[in-house]
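>
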Amino acid sequence: MLSVAMETRYNRFIPPASLPGQSSPSIEKLLTLRMYGQTEHCIDSKMALTRLACILVLLSTHCYFNVLAVILKTTNDAPWANEFESIELSCLIESISTNDPRIEWKKIKDGEPSYVYFEKKISGDLEGRARIREPATLVITNATRSDSASYRCEVTAPIDQKTFDEILINLVIRVKPVVPKCAVPKSVPVGKAAELRCVEDEGFPKSQYQWFRNKEEIPDDPKTSPKFFNSSYMLNAETGTLKFSAVRKDDSGEYFCRAKNDAGHSECGPQTMEVYNINIAGIILGVLVVVVVLLCITVGICCAYKRGYFVSQKQTGNNYKAPAKGDGVDYVRTEDEGDFRHKSSFVI
């Protein structure tokens, strides 16, 4: 293709054959044009060779530095697994020259680093639950919720020109929710407020909540379902509360709650909530009966008091009944002495 281009460029300077009646170009002029084309061809060839040489130099330099530098990569920097499953934290060595590099893994949780793999041994809380798969991938065989953290793979290669590289991997262990604790009122009068609660604290990520009535899911907005259109409630999927501002007879039924996240879901057992009508006539009659009973008790107490059943019969210490007089003896009490004395009298 280069020769075709040069031939095209050379032919530009060769004038077409003279037409009848026209003079032909001179030989000197043709030779000058031919020499000019050859010179330009040489210049273009040298420029092409120079460019090729530069490209080869760049490629060789890049390869040289790659060979003398330790470079890491990972297939997934944000892996996840369900609790008690296995998970791999990939740490792949893309290039290295050192035959026996130093490989370390560190766990970073709440900003505090700790060794997971050091001096070719698994340590810390992963001891007995993890291993290294060549060249540097960390395999956790029985992941638990405490393993959720950031992990850093570090490789040191003393012989390489770039002696150190690292990658950071964020691991999330998902935990299935446990059976939630549900609180459902047993009975509520018509028109009164009611609150149903559902709580679960073990799942990770944080659980979302659903409520069911008679095995049918309660929608977030009652206006979106014909069966719940007339109900007046607020459902909070974040906190698990179902609040009725004023219950209706149709709100009676069996309720249960479901807690769910990415790892699974759990449900509490169904509980019955009864909505009953308030008997106004019965309440009035009951109040009247209580009033009549209290009135009868009050009248009875007043009658008993008037008849003296509640008068005290106690005597004070100053009351004294004088004994019968004996013959020939008069008993006289003196105020100064505070006791009694007698005087003799003779009967003639």
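Sequential numbering of the sequence shown, starting at 1, is according to full-length UniProt numbering.
All C-beta atoms, glycine included, are put in the ideal place defined by N, C-alpha and C.
Remember, it's a predicted structure, so these values are computed and weren't measured experimentally.
1. Is any beta-carbon of chain D found at less than 8 angstroms from that of residue 245?
2. Any idea if residue 176 is buried or exposed, counting beta-carbon neighbours within 10 angstroms, 16 or more meaning buried?
3. Taking all protein chains shown into account, decide if residue 228 is buried (16 or more other Cβ within 10 angstroms of its Cβ) or exposed.
4. So residue 68 and residue 153 are in contact, right, with Cβ under 8 angstroms, and what is the actual spacing, rounded?
5. How about residue 101 and residue 155: do their beta carbons lie closer than 8 angstroms?
6. By the DSSP assignment, the beta strand (DSSP E) with residue 264 in it spans what residues?
7. Shorter than 7 angstroms, the distance from the beta carbon of residue 296 to the closest heavy atom of the ligand NAP, or not?
8. Tell me, which residues are paired with residue 351 by DSSP?
9. Excluding the five sequence neighbours on either side, which residues of its own chain have a C-beta within less than 8 angstroms of the C-beta of residue 137, listed in chain order?
10. Pull up the distance between the alpha-carbon of residue 253 and that of residue 204, whole angstroms please.
11. From what residue to what residue does the beta strand (DSSP E) around residue 165 run?
12. Distance, Cα to Cα, residue 246 vs residue 291?
13. Of all the options 133, 111 and 110, which has the alpha carbon lying nearest to the alpha carbon of residue 117?
14. Who are the Cβ neighbours of residue 183 in its own chain at under 6 angstroms, not counting the five residues just before and after it?
15. I need the DSSP call for residue 247, collapsed to helix, strand or coil.
16. Which term fits residue 84, buried or exposed, when burial requires 16 or more other beta carbons within 10 angstroms of its beta carbon?
17. Considering only residues of the same chain and omitting the five flanking positions on each side of residue 78, which have a CB-CB separation below 7 angstroms?
18. Could you tell me whether the region 178-192 touches the region 261-274, where touching means 3 or more Cβ pairs closer than 8 angstroms?
19. Give the straight-line distance between the Cα atoms of residue 113 and residue 150, rounded to the nearest whole angstrom.
20. Compare the Cα-Cα distances from residue 162 to each of 103, 224 and 98 and report the closest residue.
21. Would you mind stating whether residue 107 and residue 124 have Cβ atoms separated by less than 8 angstroms?
22. Put residue 296 into one of helix, strand or coil per three-state DSSP.
23. Considering Cα atoms alone, identify which of 165, 121, 190 and 214 is closest to residue 244.
24. Exposed or buried, which one is residue 241 when buried takes at least 16 other CB atoms within 10 Å?
From the atom records:
1. Annotation note: the requested chain D is absent from the structure, which comprises a single protein chain.
2. buried
3. buried
4. Rounded, the Cβ-Cβ distance is 20 angstroms, inconsistent with contact.
5. yes
6. 264-267
7. For the ligand NAP, the structure offers nothing, since it holds no ligand at all.
8. Because the chain spans 1 through 348 in this model, residue 351 falls outside it and cannot be assessed.
9. 88, 89, 90, 91 and 92
10. 31 angstroms
11. 164-174
12. 32 angstroms
13. 133
14. 197
15. coil
16. exposed
17. 170
18. yes
19. 9 angstroms
20. 98
21. yes
22. helix
23. 190
24. buried
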